[in-house]
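Step one of this worksheet: look at the structure below.
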Amino acid sequence: MQYARPAELKDALNLLAKGDWDILAGGTDFYPALGENKPKNHILDITAIDSLRGVTEKVDHWRMGALTTWTDITKLALPTCFDALKQAAVEVGSKQIQNQATIAGNLCNASPAADGVPALLILDAEIELSGASGTRRMPLFEFIAGNRQTALANDELLTAIIIPRMSATGVSSFHKLGSRRYLVISIVMSAVRLLKGPLGEVMTASVSVGACSAVAQRIPLLEQALIAQPFDQALANLVNADQFAHLTPIDDIRAPASYRNWAMQESVRRAIHSSVEAA
Ligand SMILES: Cc1cc2nc3c(=O)[nH]c(=O)nc-3n(C[C@H](O)[C@H](O)[C@H](O)COP(=O)(O)OP(=O)(O)OC[C@H]3O[C@@H](n4cnc5c(N)ncnc54)[C@H](O)[C@@H]3O)c2cc1C
């Protein structure tokens, strides 16, 4: 088994093109998944590639480098539409985990309970994938194909998360429900982004729910119901069970499906309430 820690992206992509490598970023999902087993493939540690770290503002989008940690996100000065992502960041594990763990690792691990996913779905996030032969982009909702399944090819790295400028508007909030207050995997989490129009109406509404389906989902029927309504706390009253019919919550060790069905509606009401309050 080989271990490589290149400092340049092109060197990492060249290695990926030639052999079977497992990508290692913060390692907070990688090592627990190994358990007592030895790695089957070579290990490509990408943490020395400085060009993959940090958030930059471009003309028509925001670019979040794959190695940006949850702690980095909490410290950055970002527009209020990113508040849900910042609130998710402080809910990921503990401070030690947040210092080490990366945003791309959270997406590539593709857990149904990944806290970063709902907060990025409401921003219409796109994923940049790079290989030795080039770069491609796809929406986040296409990138995560199922529980622990992504569209990443063996010779590719997730290099950045792209937030289109048109979606980087309004205020946002994240709500997480776990069986205790801290260091807990979500039973349900939700994210809401609302943009207030000139007449005091809701101009844009994005809502997503995680841990209630194999992949976190947007809630389009609720989004439509919110549009053009007065921008006030009564918005939370528009949440109803029918809007969540496409979700498929499971019974597991954390909660029964019946509880998740109720809790996801309440979680979204609370996220709407916090967004209105923040505005
Ligand atoms: C104690 C503990 C508590 C946790 N609590 C939470 C929580 O509350 N909420 C939550 O959402 N998560 C939680 N996690 C999970 C984990 O911390 C996050 O998912 C984290 O963001 C993973 O990032 P990482 O950099 O450590 O990924 P790694 O472990 O390095 O990698 C995870 C997976 O992604 C792949 N990968 C990583 N980066 C790339 C890339 N750039 N391109 C392609 N593939 C890549 C790796 O090959 C691996 O398969 C917790 C983990 C622990 C150990």
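Residues in the sequence shown are numbered consecutively from 1, following my numbering.
Ideal placement from N, C-alpha and C gives every residue a C-beta, glycine not left out.
Since the model is a prediction, treat every value here as computed from it, not as a measurement.
Check, Outcome
"Validate contact between the stretch 263-276 and the stretch 219-238 using beta carbons, cut 8 Å, 3 pairs", "yes"
"heavy atom of ligand 3 below 8 Å from E156 C-beta", "Looking for ligand 3 in the displayed structure turns up nothing; the ligands present are ligand 1."
"Cutoff 7 Å; reference T150; Cβ partners in own chain excluding five residues on either side", "C108, A110, F143 and I144"
"Start-to-end residues for the beta strand (DSSP E) that takes in T135", "G134 to P139"
"Span of the beta strand (DSSP E) around D22", "W21 to L24"
"Heavy atom of ligand 1 within 8 Å of E91 beta-carbon", "yes"
"A66 vs I103 beta-carbon contact at 9 Å", "yes"
"For V276, the first and last residue of its enclosing alpha helix (DSSP H)", "A257 to A278"
"Top-ranked residue by Cα proximity to N154, from Q2, R5, D11 and L15", "L15"
"Selected residue, minimal CA-CA separation from D72, among V90, L247 and H246", "V90"
"Rounded Cβ spacing between I161 and L120 (contact assumed at less than 8 Å)", "6 Å"
"Element boundaries [alpha helix (DSSP H), containing T71]", "W70 to K75"
"L194: first and last residue of the uninterrupted beta strand (DSSP E) it sits in", "V188 to K196"
"Spatial distance of A132 from L13 (CA atoms)", "5 Å"
"G65 - partner residues in DSSP beta bridges", "A160"
"Beta-carbon gap between I23 and L157 smaller than 9 Å", "yes"
"S111 Cβ short of 8 Å to ligand 1 heavy atom set", "yes"
"Inter-residue CB distance, D115 and M189 (contact presumed, cutoff 8 Å)", "6 Å"
"beta-carbon L24 near ligand 1 non-hydrogen atom, thresh 8 Å", "yes"
"Own chain residues within Cβ distance below 8 Å of V92, not counting five before or after", "W70, Q98, A101, N106, D115 and G116"
"Separation of L247 from A225, as counted between CA atoms", "18 Å"
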